[in-house]
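For reference, the structure discussed in these notes is given below.
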Amino acid sequence: MATIPWLVDVLRAAAVQVVVEGDWLNRMRPGSFDPIGVLWHHTASTSSASNPHPALGICINGRPDLAGPLCQALVDYNGVFHVISAGRCNHAGVSGGSGPIPTGDGNTLMIGWEIDYNGVNQEMTAAQYNASIAATAAVLTRLGRDSSYARGHRETSTTGKIDPSFIDLNVMRADVAAKMAGGGTAWSSTVDNTTAGRFTASANWGVSSYSGQRYGADYRYADPVAASDVAWYRFAVPATASYRVEAWWPANSGYNSAAPYIIATTTGNQTVRVDQRITGGQWRVLGTFTLPAGDANRVGVSRWSNATGLIIADAVRLTRV
128 MATIPWLVDV
138 LRAAAVQVVV
148 EGDWLNRMRP
158 GSFDPIGVLW
168 HHTASTSSAS
178 NPHPALGICI
188 NGRPDLAGPL
198 CQALVDYNGV
208 FHVISAGRCN
218 HAGVSGGSGP
228 IPTGDGNTLM
238 IGWEIDYNGV
248 NQEMTAAQYN
258 ASIAATAAVL
268 TRLGRDSSYA
278 RGHRETSTTG
288 KIDPSFIDLN
298 VMRADVAAKM
308 AGGGTAWSST
318 VDNTTAGRFT
328 ASANWGVSSY
338 SGQRYGADYR
348 YADPVAASDV
358 AWYRFAVPAT
368 ASYRVEAWWP
378 ANSGYNSAAP
388 YIIATTTGNQ
398 TVRVDQRITG
408 GQWRVLGTFT
418 LPAGDANRVG
428 VSRWSNATGL
438 IIADAVRLTR
448 V
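What follows is the structure, encoded as structure tokens:
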């Protein structure tokens with residue numbers, strides 16, 4: 128049976144913080160192990176700063192219905208990788224096939240990260256996500272595979288698994304690909320008014336390419352009114368965390384001095400008003416906000432302004448910080 132004795136060295140070389148848990152080189156299940164990819168899970172335990180790895184003992188020793196080890200590594204609340212096994216583990220069950228991962232024995236095919244959060248009313252921390260991206264990129268590079276070989280258990284499961292909750296797995300793979308290409312782990316996404324499926328506005332919003340300060344081919348404009356009529360930007364936010372919100376608009380003396388941007392945060396909508404008469408043709412920071420995970424309308428431009436002048440909706444960028 129094959130093993131991956133290189134795992135600790137590969138993780139440390141990728142600047143992932145590692146704790147080795149006992150005799151990890153010889154702790155494994157019987158059976159074949161020839162991994163071609165990495166599978167993400169959540170543990171269903173509630174972790175915290177004071178209790179960062181509540182499921183560690185179970186992942187090492189198993190539970191009454193399933194013998195341990197239950198993963199190659201557990202990722203704690205602080206993003207520390209607790210390496211448990213260099214061999215086969217009971218983490219994946221039967222693979223129904225997903226992307227390049229074929230049907231078959233998931234425990235043979237996949238290296239498993241158990242990310243320690245409950246997945247019901249608790250999301251993955253930013254530290255967990257960033258460490259898991261770095262680790263996955265490093266391991267797939269070692270295996271000679273691309274980012275498509277990173278999957279979530281809910282994608283391969285034949286029994287209706289939901290893990291890992293609260294992250295967009297396509298965004299995860301894009302972040303792994305960026306890391307493999309030499310980029311950082313900070314997620315960033317830009318939505319323009321022409322981005323397909325990501326921008327919506329009523330027919331009250333006109334289209335213009337008048338200003339050379341625009342982002343992309345054109346931008347949207349509307350008169351201020353005593354009604355919201357929001358132009359929305361939709362983002363697939365990968366994890367609940369802090370994000371820097373930036374907006375781009377073309378500036379003009381005839382534009383609005385108090386254009387309201389709405390940010391849909393974890394604690395409700397927050398409004399930031401900007402002067403679109405000035406500082407155009409560049410990214411302008413609206414602030415840093417805690418945004419919930421998921422694919423939804425996250426930033427909008429409202430028409431509800433007491434100031435005169437056209438309100439502009441051009442482009443918005445989110446970056447995890």
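The opening position of the sequence shown corresponds to residue 128 in the numbering used here, with each subsequent residue numbered one higher.
For glycine and all other residues, C-beta sits at the position ideal for the given N, C-alpha and C.
- Only residues of its own chain outside the window of five on either side were considered, and among them S275, R278 have a CB closer than 7 angstroms to the CB of G226, listed in chain order.
- DSSP, read as helix, strand or coil, puts H209 in strand.
- The continuous alpha helix (DSSP H) containing R281 extends over residues 280 to 283.
- Around the beta carbon of Y346, 16 or more other beta carbons lie within 10 angstroms, which makes this residue buried.
- In chain order, Q403, G407, I439, D441 place their CB closer than 6 angstroms to the CB of W376, counting only its own chain and leaving out the 5 sequence neighbours on each side.
- Excluding five sequence positions before and after I390, the CB atoms of its chain that fall closer than 6 angstroms to its own CB belong to V372, Q397, F416, V426, given in chain order.
- Following the DSSP letters along the chain, one finds Y360 inside the beta strand (DSSP E) bounded by residues 358 to 364.
- Membership of M237 in any alpha helix (DSSP H) is not indicated; the residue belongs instead to the beta strand (DSSP E) covering 237 to 242.
- Secondary-structure assignment with DSSP links V146 through a beta bridge to H209.
- DSSP, reduced to helix, strand and coil, places A308 outside both helices and strands of the structure shown, so it counts as coil.
- Within 10 angstroms of the beta-carbon of I228 lie 16 or more other beta-carbons, which makes it buried.
- Assignment of N424 by DSSP, reduced to helix, strand and coil, places it in the strand class.
- Here L183 carries a helix assignment [DSSP, helix/strand/coil].
- Going by C-alpha positions, Y348 is about 18 angstroms away from A323.
- Our two residues, D232 and I405, have alpha carbons roughly 60 angstroms apart in a direct line.
- 8 angstroms or more divides the Cβ of T235 from the Cβ of S284.
- With 16 or more other CB atoms across the displayed protein chains lying within 10 angstroms of its CB, G214 is buried.
- Leaving aside the five residues that flank N217 on each side, the residues in its chain whose CB is nearer than 8 angstroms to its CB run, in chain order, R156, G189, L193, A194, G195, P196, L197, N234.
- Under a 10 Å Cβ-count criterion, G381 is classified as exposed, with fewer than 16 other Cβ atoms of the shown protein chains found around its own Cβ.
- One alpha carbon belongs to G184, the other to N245, and they sit about 16 angstroms apart.
- In this structure, L445 keeps its C-beta atom at 8 angstroms or more from the C-beta atom of S335.
- Around the CB of V448, fewer than 16 other CB atoms lie within 10 Å, so the residue is classed as exposed.
- G233 carries a helical assignment under DSSP once its states are collapsed to helix, strand and coil.
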